[in-house]
Amino acid sequence: MAVLKQPLSNPESGWNRYDDNDSRISYVNGTWSNAGGGTQDYNTTTTTTSTVNAEVRFNITGNKLRIICQTWTNFSNNVEVWVDGKLIDSFTTAFAINSTNGYRVLVFEKLDLSEGEHFVKLISKQAFTFRLDALDIDSNATLKPYKEPSNKILLSSGDKYRSVKKGVLVDSNVIPVHSSNTSQNGGLVNTNNTVPSTAYTLFDGNSSNNLTFSLMTNVWVSYEFPSPKTITKYTLIVTGASSINRAPRVWKFEGSNDGTIWIELDYQNESSNNWTMGVKRSFAITNTIKFKFYRVFIFLSNNGSSTAPSLSEIEMMEMSSNELYELDTLNENTALNYGSDTSINLTEIFTKAKVIKSTNSTVGSGKTFEHTVDMSKRRVDKITLG
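Mapped onto the working numbering, the consecutive letters of the sequence shown carry residue numbers 914 to 1299.
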């Protein structure tokens, strides 16, 4: 039976394996090369990069996927898995097998995808070696070249057409570096820990500063932004704790606009230890609401109620604002280029619109406006021409 972080030399019954050199797999956003190899690698090859944000792209049908990689202690320890435009998980390749390189190692599996076709990205988030060896998918499924769906939606009103460009995840931490529980931009850190003054170390940009809480259970740390934000991803990292048993096992991520009433946005209850010291873990959440407060609420550490939990750093990422487009022409090109990818929220309020003109017109000679101002009757403080 296949075991994560262990070699899987050949696909199991009910699975098909596809080599990293398969033409349906594309490698973009970085420098990729064929690493060659020996009989240890599947079909004696791997494809490798050391570029931050380098991507592997492909489409699959079916409901399950396995990623096969070569591993070693100084390889990339944060590779994100995106399916159908959503971050679903991440994995590490930074470990050895029996004190040497791991070959044909099962580093990730997803067994409960919805039926149908999916577009997949693997994104290495560190400037360390990432070597893809193969993909395993259902034996009745198909590997296809990468292609995102192109269904588009436009709304018509009179002779105008409108669409909404959905905001995208801005994959950078929106919390500034803290040296205390307050920051220069007005952000505030709070906690129910018995020593609240040290909570800022979870936002100091230094993952080597580890915070072990005084409370054994039900401890939380919150962050208050100066203005509400739509957070759709957060990351956690644990380093420097005396034991991996201090890493969180059961926790939730919440949002609030008053710091009193909290809305649960994510809940994690892990049956096994999924943490590696010093490895950042990413959690994508479905959230369309702007909250002023966000918090991580830890129920239990890996060791249960007998060991106080620890964390080193918390990061949060937000969605950019939606944009309203106004089009004067409806054709295939305008629909593909400016149509909305998803349903449009008719209750959303916009203060600005981008006007897209597709027709050519000759600029006129302009007009001259004249008006006489009697300066004896009124004072003129400002004249604006535009």
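Even for Gly, the Cβ is constructed at its ideal location relative to N, Cα and C.
Margin query: If you reduce the DSSP assignment to three classes, tell me which class L1224 lands in.
Written below: Walking along the sequence shown from the start, residue 1224 turns up at place 311. Reduced to three states, the DSSP call for L1224 is strand.
Next item on the list: Go ahead and label L1024 buried or exposed: buried means 16 or more other beta carbons lie within 10 angstroms of its beta carbon, across all protein chains shown.
Entry: For the purposes of this step, residue 1024 is taken as residue 111 along the sequence shown, with counting starting at 1. The residue is exposed, with fewer than 16 neighbouring Cβ atoms inside 10 Å.
Note to self: Is the beta carbon of D1117 closer than 9 Å to that of S1135?
What the structure shows: Residue mapping note: residue 1135 aligns to position 222 of the sequence shown, counting from 1. Residue mapping note: residue 1117 aligns to position 204 of the sequence shown, counting from 1. It is not a contact, given that the beta carbons lie outside the stated cut-off.
Next item on the list: Could you work out which residue in T1042, G998 and R970 is closest to S939 when comparing CA atoms only?
Entry: Residue mapping note: residue 939 aligns to position 26 of the sequence shown, counting from 1. Checked all of T1042, G998 and R970; the closest Cα to S939 is R970.
Checklist line | R1194 versus E1183 - alpha carbon distance | finding: Along the sequence shown, one-based indexing puts residue 1194 at 281. Along the sequence shown, one-based indexing puts residue 1183 at 270. Cα to Cα, R1194 sits roughly 13 Å from E1183.
Notebook entry, point to check: Does the stretch 926 to 940 touch the stretch 948 to 966, meaning 3 or more C-beta pairs lie closer than 8 Å?
Noted result: yes
Notebook entry, point to check: Which runs of the beta strand (DSSP E) fall wholly inside the stretch 1060 to 1137 and span at least 3 residues, in chain order?
Noted result: 1068 to 1070, 1073 to 1078 and 1101 to 1104
Note to self: Excluding the 5 residues flanking N1216 on each side, which residues of the same chain have their C-beta closer than 6 Å to its C-beta?
What the structure shows: By one-based count along the sequence shown, residue 1216 stands at place 303. Excluding positions up to five away in sequence, the list reads N1158.
Margin query: Please classify S922 as buried or exposed, where buried requires at least 16 other C-beta atoms within 10 Å of its C-beta.
Written below: What you label residue 922 is simply residue 9 of the sequence shown in a count that begins at 1. It is exposed - the Cβ of S922 has fewer than 16 other Cβ atoms within 10 Å.
Check: Who are the Cβ neighbours of L1128 in its own chain at under 8 Å, not counting the five residues just before and after it?
Finding: For the purposes of this step, residue 1128 is identified with residue 215 of the sequence shown, where counting begins at 1. Taken in chain order, the residues that qualify are N1105, N1106, T1107 and A1221.
Notebook entry, point to check: Can you name, in chain order, every residue of its own chain whose Cβ lies under 7 Å from the Cβ of R1162, other than the five neighbours on each side?
Noted result: Indexing the sequence shown from 1 puts residue 1162 at position 249. Around R1162: E1183, L1213, S1214 and N1215.
Next item on the list: Keeping to the same chain, check which residues put their C-beta closer than 8 Å to that of F1004; ignore five residues upstream and five downstream.
Entry: The residue you call residue 1004 lines up with position 91 of the sequence shown. Closer than 8 Å at Cβ, skipping near neighbours: I980, V992, V994, V1020 and F1021.
Next item on the list: Compare the C-alpha of V1033 against each of L1240, N976, G1080 and V1083 and name the closest.
Entry: Indexing the sequence shown from 1 puts residue 1033 at position 120. Nearest C-alpha to V1033: N976.
Notebook entry, point to check: Under a Cβ-count criterion, where at least 16 other Cβ atoms within 10 Å of its own Cβ denotes burial, should Y955 be classed as buried or exposed?
Noted result: The residue given as residue 955 occupies position 42 in the sequence shown. Answer is buried; the Cβ neighbour count reaches 16.
Item checked: Straight-line gap, N1244 to S1140 (C-alpha atoms, nearest Å) -> Here residue 1244 is taken as the residue at index 331 of the sequence shown, counted from 1. Here residue 1140 is taken as the residue at index 227 of the sequence shown, counted from 1. Answer to the nearest angstrom: the Cα atoms are 40 Å apart.
Margin query: Quick check: the Cα distance between N990 and K999, rounded to an integer number of angstroms?
Written below: Translated into the one-based positions of the sequence shown, residue 990 becomes position 77. Translated into the one-based positions of the sequence shown, residue 999 becomes position 86. Each residue's alpha carbon lies about 20 Å from the other.
Notebook entry, point to check: So, is S1278 buried or exposed, given that buried needs 16 or more other C-beta atoms within 10 angstroms?
Noted result: In the sequence shown, the residue the question calls residue 1278 occupies position 365. Residue placement at S1278 cannot be trusted, given a pLDDT of 47 that sits under 50; what the coordinates show is reported in the next sentence. Flag for S1278 reads exposed.
Margin query: Between N1098 and P1089, how many whole angstroms is the CB-CB distance? I'm expecting something under 8 Å.
Written below: Taking the sequence shown and counting its residues from 1, one reaches residue 1098 at position 185. Taking the sequence shown and counting its residues from 1, one reaches residue 1089 at position 176. Right, their Cβ atoms sit about 6 Å apart.
Next item on the list: For R1017, write down the residues that DSSP places opposite it in a beta bridge.
Entry: Translated into the one-based positions of the sequence shown, residue 1017 becomes position 104. DSSP lists no partner for R1017.
Checklist line | Cα-Cα separation between K918 and T984, rounded to whole angstroms | finding: Indexing the sequence shown from 1 puts residue 918 at position 5. Indexing the sequence shown from 1 puts residue 984 at position 71. About 9 Å.
Next item on the list: Report yes if the C-beta distance between T1006 and V996 is below 9 Å; otherwise report no.
Entry: Within the sequence shown, residue 1006 is the residue found at index 93, counting from 1. Within the sequence shown, residue 996 is the residue found at index 83, counting from 1. Not a contact, by the Cβ cut-off of 9 Å.
Item checked: Top-ranked residue by Cα proximity to L978, from W928, N1011, A1009 and T1013 -> Taking the sequence shown and counting its residues from 1, the one referred to as residue 978 is at position 65. Looking at the Cα atoms, W928 is the closest of the given residues.
Checklist line | Three-state secondary structure (DSSP) of I1174 | finding: As a working mapping, residue 1174 is identified with position 261 in the sequence shown. Three-state DSSP puts I1174 in coil, outside helix and strand.
Notebook entry, point to check: Of the choices N1086, S1225 and N1250, whose alpha-carbon is the least far from that of L1115?
Noted result: Looking up residue 1115 in the sequence shown gives position 202. That would be S1225, whose Cα lies nearest to the Cα of L1115.
Note to self: Is the separation between the beta-carbon of F1206 and that of V1132 shorter than 9 Å?
What the structure shows: Position 293 of the sequence shown, counted from the first residue, corresponds to residue 1206. Position 219 of the sequence shown, counted from the first residue, corresponds to residue 1132. Their beta carbons are not under 9 Å apart, which means F1206 does not touch V1132 by this criterion.
Notebook entry, point to check: Comparing alpha-carbon positions, which option in A1266, F1166 and L1035 lies nearest N942?
Noted result: Position 29 of the sequence shown, counting from 1, holds the residue named residue 942. If we check each option's Cα against that of N942, L1035 comes out closest.
Notebook entry, point to check: What does V939 pair with, by DSSP beta-bridge criteria?
Noted result: The sequence position of residue 939 within the sequence shown is 26, counting from 1. The sequence shown places Ser at residue 939, not Val. The partner list for S939 (beta bridge, DSSP) reads R970.
Checklist line | Assigned secondary structure, L921 (DSSP; H/G/I helix, E/B strand, else coil) | finding: Translated into positions along the sequence shown, residue 921 becomes position 8. Three-state DSSP puts L921 in coil, outside helix and strand.
Note to self: Closest to K1142 by C-alpha separation, out of V1083, L1149, A1112 and A1054, would be which residue?
What the structure shows: As a first step, residue 1142 is located in the sequence shown; it is residue number 229 there, counting from the start. Taking only the C-alpha atoms, the option nearest K1142 is V1083.
Item checked: Per-residue DSSP class, three states only, for L1243 -> For the purposes of this step, residue 1243 is identified with residue 330 of the sequence shown, where counting begins at 1. Three-state result, L1243: coil.
Next item on the list: Just the C-alpha distance for T1055 and A1112, rounded to the nearest angstrom, thanks.
Entry: Taking the first residue of the sequence shown as position 1, residue 1055 is located at position 142. Taking the first residue of the sequence shown as position 1, residue 1112 is located at position 199. Rounded to the nearest angstrom, the two C-alpha atoms are 49 Å apart.
Check: What's the call for G1172, buried or exposed, on a 16-neighbour Cβ count within 10 Å?
Finding: Locating residue 1172 in the sequence shown gives position 259, where the first residue counts as 1. Result: exposed.
Next item on the list: Quick one: using the 10 Å Cβ neighbour count with 16 as the cut-off for buried, is K1038 buried or exposed?
Entry: Against the sequence shown, residue 1038 aligns to sequence position 125. Classification for K1038: buried.
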